[in-house]
Amino acid sequence: MKKDSDLFLVRKGTKVHSKVKFLLEKYYEKEREVLNEMFEGFVDRDHKVINQFQETFHSTFWEIYLYSVLKKCNFDIDWSHEHPDFVISAPKKFYMEAVTSNKRFNKEHNYQHNRGGVFEILKGYRDPREYNALMRESISRNYYKIRDKLNCYNDKYKRNDWFDDTLPYVIALGSYCQESYGREYIFPLLALLYGQYYRPSEKKFSEAIFIYRPEDNDIDEKEKIPLGIFYLKEYADVSAIVFSSTVSLGKLSALCSSNNKIIHVWYDGDLREPFKITIDKKEKLTDGLFVFHNPLAKKPLPISVFECEHICQFYSDKNGIITSKSPHAHLVGRGVLKIKEIT
């Protein structure tokens, strides 16, 4: 890779994001190599990608991850237009717009790459109050981002002469919206998109129609956030949502060959004990990535489009029941122990 396109060549005066500072440490050399490989071939159309990566991190990191997935699935990308983020030209034409949901007021995470992250992911969803707070924050933050990108589609993208509004429009949403974003899994999206709210104590889903938006003081605001938005006509232009809450520095550590100890939590649908813990199980690029199809989409995205790499997909079957298609257990979250921290 050319020197001037190096993600880690920090220019003087750059206010470097805390996670980039971690990656710049000698101990993260292999993670840097993985990310540089993922970035290879990415077209910087507005010449801002490297600065944005170094200063704000998450949104650009998410775009690079999505690009690497599209490469892995052998999609062709048309880079000749500034928006949406990815114009897929083959084998199936569609648009993908990337967005991240971030912490309130765009605050940085209180990030400590230590054992706390491991213990956080292992504690599960036993505390109902904590679980509901996690859900409310994720649902509300992700709702606004989906709504914003739908507005972009209607108010901006469709008005371009070159834009083909008969093609599927996909919103790719990466969640970084709270301190414990790595524990969100699919539950907030199943509630937000389909109105199916998971109850850990009962190990089952129930229907719900809204939540109250949480405020900073942990008191619910009066504003209602609708659930089941895929059944609302105004969201019919959104063909599908691509989602993950596990694209973090831990994803890089899990993908690189190193001495890290990787602890995973998986969901396999076992009614008695649905969550399984593994240590040092091989993680794939697409583990933790999900596709949620809109049953009322004006331009449906064929399920076959993301059958590459066995990406888990949720869709409505012939009876109108939301089901999933995945040949393996789903990644819920991971924790990483660096060797220097446990010796």
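When the letters of the sequence shown are read in order and numbered with this note's numbering, they come out as residues 5 to 347.
By construction, the Cβ of each residue, glycine as well, lies at the ideal position given by its N, Cα and C atoms.
All values reported here derive from a predicted model rather than from experimental measurement.
Residue pairing by DSSP places residue 270 opposite 280 and 335 in a beta bridge. Straight across, the Cα-Cα distance linking residue 65 with residue 103 is about 11 Å. Counting along the chain, residue 62 sits inside no beta strand (DSSP E); it lies in the alpha helix (DSSP H) bounded by residues 62-76.
In the three-state DSSP reduction, residue 81 falls in the strand class (E or B). Membership of residue 329 in the beta strand (DSSP E) is indicated by the continuous run 326-329.
Between residue 173 and residue 303, the gap from beta carbon to beta carbon is short of 8 Å. Remark: C-beta atoms of residue 234 and residue 300 approach each other more closely than 8 Å. With distances taken between CA atoms, residue 38 lies nearest to 258 out of 148, 231 and 258. Put simply, of 142, 242, 322 and 140 the residue whose alpha carbon is nearest the alpha carbon of residue 151 is 242.
Under the rule that a run must span 3 or more residues, the beta strand (DSSP E) segments found entirely inside the segment 171-243 read 173-180, 200-203, 208-211, 214-218 and 224-230. Cα atoms of residue 244 and residue 335: separation of roughly 20 Å, rounded to the nearest angstrom.
Of 97, 56, 338 and 128, the smallest CA-CA separation from residue 254 is found for 338.
Under DSSP, residue 320 takes part in a beta bridge, and its partners are 326. The C-alpha of residue 95 is placed about 40 Å away from the C-alpha of residue 18.
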